[in-house]
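Residue numbers (this note's numbering): 311 to 770.
We put the beta carbon where it would ideally sit given N, CA and C, even for glycine.
Report on the structure given below.
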């Protein structure tokens, strides 16, 4: 009985204690709203990631690179992925644990005239057979590696969402500048027609048409203010910040003016990059290996474990030592066929999912690369051919106006045509940048250096 009492005492003194961590919705909301560029730890994180130790903080201007690092720091989805890594590591610790021994004891006396006392202590040790513990550890190791890759996936989704938000904001900002220029030209045209109507050189319908076109541009210009405000809000959301955190901060998006050259992106290398480096490809492979380990564990469970139970008995002044043995879960009614079949099916399902994923990536990559090449070629055609022709035409009209060979209305109308060419150039560039983002997502690798790839070991 002394051994049993000792075992119970050790159990009470060595057990882990419960620690409460209550969640307060009000507190978490306050913490989110308090986030800003001055949040402690953010500056050090961004400097370490960017390698620019001398960067003043908080910066008055943020470029895509800085915003991406900020998003990596604050992103709640990355935090969730990291929590899953911690859970997988805990499961790995569990897999390493051996089955604890047990102990039993009894005591009493017999009813002889001498009333001799008797007691016994019997521990029990379970011996796992067929490598079951090794298979559990192997499965947990693979799932832990897969959870680390899921952090990269989450970080890439953050980067992708931020890039889309930045492109939307850059589009609205550039559109606003073009409309402001056009509004000034439209106002000049209205003034010209107003003067001509007063002099009797133009009809009122012409003035009305000019005013209608001016009003249309004004309405479009007003709409860009809403678009810009919404886009900044989406950028803040993608960066894990409240919208107010970006108030007064200038966004430098000049890097979007020059997309990567398609000639530097050969399709075979891009496909290879996607198939070898995409996190979901590597994660699915690890999940397949974990499923294979589960299958091997289910097969090993056909073989029963052995329980050894040495015993010490003391009765009538004489000790007795025995060694008991038991076979746990004899394969009488089944040989674990059900779990084995389940794990075989699970492994087959993951194999099918991997093949489907691989096939989809190949198709998406080829389609995205072809689309990017076409959009960049369209943009270059507008930039190098259509836009220069119209700019040259405006220069000729300007020279003719200065020579007195044409009037101001012809000059302003030539400016409108140049603005239309500039708008076509910009729209083609937006399509190219959108296609580039789609291509980057297809290969999960940055093709535009201004938005860095995530490094899961240092994110969040």
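{"Check": "Between 455, 469, 396, which has its C-alpha nearest residue 376's C-alpha?", "Outcome": "469"}
{"Check": "Hey, how far is the Cα of residue 607 from the Cα of residue 616?", "Outcome": "17 Å"}
{"Check": "Taking all protein chains shown into account, decide if residue 407 is buried (16 or more other Cβ within 10 angstroms of its Cβ) or exposed.", "Outcome": "exposed"}
{"Check": "Tell me which residue opens and which closes the beta strand (DSSP E) that residue 759 is part of.", "Outcome": "Here residue 759 belongs to no beta strand (DSSP E), and DSSP marks it neither H nor E."}
{"Check": "Helix, strand or coil: how does DSSP classify residue 682 here?", "Outcome": "helix"}
{"Check": "Throw me the rounded Cβ distance for the residue 552 and residue 476 pair, which I believe falls under 8 Å.", "Outcome": "That belief does not hold up - the Cβ atoms of residue 552 and residue 476 are roughly 18 Å apart, past 8 Å."}
{"Check": "Mind checking whether residue 624 and residue 429 have CB atoms under 8 Å apart?", "Outcome": "yes"}
{"Check": "CA-CA distance, residue 351 and residue 532?", "Outcome": "39 Å"}
{"Check": "Please classify residue 327: does DSSP put it in a helix, a strand, or coil?", "Outcome": "coil"}
{"Check": "Could you check whether residue 402 and residue 593 sit closer than 8 Å to each other, using their CB atoms as the reference points?", "Outcome": "no"}
{"Check": "Can you tell which of 349, 558, 569, 730 has the C-alpha that lies nearest to the C-alpha of residue 690?", "Outcome": "569"}
{"Check": "Pick from 601, 575, 667: whose alpha carbon is nearest that of residue 591?", "Outcome": "667"}
{"Check": "DSSP three-state label for residue 311, please.", "Outcome": "Unreliable placement is indicated for residue 311, whose pLDDT of 49 sits below 50; no coordinate value is reported for it."}
{"Check": "Of all the options 720, 595, 433, 671, which has the alpha carbon lying nearest to the alpha carbon of residue 659?", "Outcome": "595"}
{"Check": "Does the Cβ of residue 311 have 16 or more other Cβ atoms within 10 Å, making it buried, or fewer, making it exposed?", "Outcome": "Bear in mind that a pLDDT of 49 at residue 311, under 50, signals an unreliable position, so the number given afterwards is only what the model happens to contain. So residue 311 counts as exposed."}
{"Check": "Go ahead and label residue 502 buried or exposed: buried means 16 or more other beta carbons lie within 10 angstroms of its beta carbon, across all protein chains shown.", "Outcome": "buried"}
{"Check": "Look up residue 548 in the DSSP assignment and say whether it is helix, strand or coil.", "Outcome": "helix"}
{"Check": "Starting from residue 650, follow its DSSP beta bridges and name the residues at the other end.", "Outcome": "DSSP, once it has assigned bridges, lists no residue as partnering residue 650."}
{"Check": "What are the partner residues of residue 342, as DSSP defines its beta bridges?", "Outcome": "Residue 342 pairs with nothing; no bridge assigned."}
{"Check": "Ordered along the chain, which non-local residues of its own chain (more than five positions away) have a Cβ less than 6 Å from that of residue 713?", "Outcome": "none"}
{"Check": "Have a look at 725, 720, 703, 732 and flag the residue whose alpha-carbon is nearest the alpha-carbon of residue 693.", "Outcome": "732"}
{"Check": "Is residue 380 buried or exposed, if buried means 16 or more other CB atoms sit within 10 Å of its CB?", "Outcome": "buried"}
{"Check": "Based on DSSP bridge pairs, tell me the residues matched to residue 637.", "Outcome": "616"}
{"Check": "Enumerate in chain order the residues of its own chain whose CB-to-CB distance from residue 411 is below 8 Å, with the five nearest sequence positions on each side excluded.", "Outcome": "433, 434, 435, 436"}
{"Check": "Identify the residues that DSSP records as bridge partners of residue 569: which are they?", "Outcome": "According to DSSP, residue 569 bridges with nothing at all."}
{"Check": "What does DSSP give as the partner residues of residue 384 in its beta bridges?", "Outcome": "Paired residue(s): none; residue 384 is not in a bridge."}
{"Check": "Residue 457 lies in the alpha helix (DSSP H); which residues open and close that run?", "Outcome": "442-509"}
{"Check": "On a CA-only basis, which of 685, 696, 734 is nearest residue 743? Give me that one, please.", "Outcome": "685"}
{"Check": "Are the CB atoms of residue 679 and residue 575 within a distance shorter than 8 Å?", "Outcome": "yes"}
{"Check": "Give every residue of the same chain whose Cβ lies closer than 8 Å to the Cβ of residue 497, excluding the five residues on either side of it in the sequence, and list them in chain order.", "Outcome": "524"}
{"Check": "Taking only three categories from DSSP, how would you classify residue 673?", "Outcome": "helix"}
{"Check": "Identify the residues that DSSP records as bridge partners of residue 561: which are they?", "Outcome": "372"}
{"Check": "Under 6 Å Cβ to Cβ from residue 383, same chain only, skipping five residues before and after it: list those, please.", "Outcome": "352, 355"}
{"Check": "When you compare the CB positions of residue 736 and residue 721, do they come within less than 8 Å of one another, or not?", "Outcome": "no"}
{"Check": "My understanding is that residue 405 touches residue 450, with C-beta atoms under 8 Å, so please give their C-beta distance in whole angstroms.", "Outcome": "4 Å"}
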